[in-house]
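Below you'll find the structure, written out as C-alpha cells, and then a few comments.
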Amino acid sequence: SQILDEFAPKLTERDFAYDTLKGVLDNKKKIVKILEKHAPQWPVDKIAKVDRAILEIGIYEIVFSEDVPPIVAINEAVEIAKHYGDENCPKFINGVLSSVMKEYHE
Numbered sequence: 423s424q425i426l427d428e429f430a431p432k433l434t435e436r437d438f439a440y441d442t443l444k445g446v447l448d449n450k451k452k453i454v455k456i457l458e459k460h461a462p463q464w465p466v467d468k469i470a471k472v473d474r475a476i477l478e479i480g481i482y483e484i485v486f487s488e489d490v491p492p493i494v495a496i497n498e499a500v501e502i503a504k505h506y507g508d509e510n511c512p513k514f515i516n517g518v519l520s521s522v523m524k525e526y527h528e
C-alpha cells in the first residue's frame, strides 16, 4: 500500500494490481516453465529483469486470468516494453506472448 501511494498515487485499480501480483507470485513456477518453453533461446536468468517482469505478468494474464483478454494482455505488455525496455524488447515480448496465446487460446 505504501509503495502504491508513493509510486502510483493515481492508481484507481488497486485490487486489480494486488490480484495480478498475487496471481503471478502464486503461479511463479508454472509461469517460468511456460516462459522457458516459449523463449527457449533465452535462459530465464539471462532475460533483463524488466523484460522478465513484463513477460511474467503477460503470461499470467494470458494463461491464468479470466479478467484480461489475451490480445489486450499482449498489447499492454508491448506498450510497457516500448516505455521501459530497450529497442528490441517490444518485438521480443510480442513474439513470446503471441506464442503463449496460440498454445492456450486456439
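Quick note on the working numbering: the sequence shown kicks off at 423 and runs consecutively.
Virtual Cβ for every residue (Gly too), placed ideally from N, Cα, C.
Cut-off 6 Å between Cβ atoms - residues of its own chain near residue i, not counting five sequence neighbours on either side
{"i": "Asn-516", "result": "Val-500"}
With 16 other Cβ atoms within 10 Å as the buried cut-off, status of residue i
{"i": "Phe-438", "result": "exposed"}
{"i": "Asp-473", "result": "buried"}
{"i": "Glu-478", "result": "buried"}
{"i": "Leu-519", "result": "buried"}
{"i": "Val-522", "result": "buried"}
{"i": "His-527", "result": "exposed"}
{"i": "Leu-443", "result": "exposed"}
Assigned secondary structure, residue i (DSSP; H/G/I helix, E/B strand, else coil)
{"i": "His-527", "result": "coil"}
{"i": "Lys-432", "result": "coil"}
{"i": "Asn-510", "result": "coil"}
{"i": "Asn-449", "result": "coil"}
Residues near residue i in its chain [Cβ-Cβ closer than 7 Å; skip 5 each side]
{"i": "Ile-453", "result": "Val-446, Glu-478, Ile-481, Tyr-482"}
{"i": "Asn-449", "result": "Tyr-482, Phe-486"}
{"i": "Ile-456", "result": "Ile-481, Val-485, Val-522"}
Short CB-CB distance (under 8 Å) between residue i and chain D
{"i": "Arg-474", "result": "The chain labelled as chain D is not found in the depicted structure, where only one protein chain is given."}
When you compare the region 499 to 513 with the region 451 to 465, are there three or more beta-carbon pairs, one atom per stretch, that lie closer than 8 Å?
no
At which residue ranges does the region 453 to 508 contain complete alpha helix (DSSP H) runs of 4 or more residues, listed in the order of the chain?
471 to 481, 492 to 506
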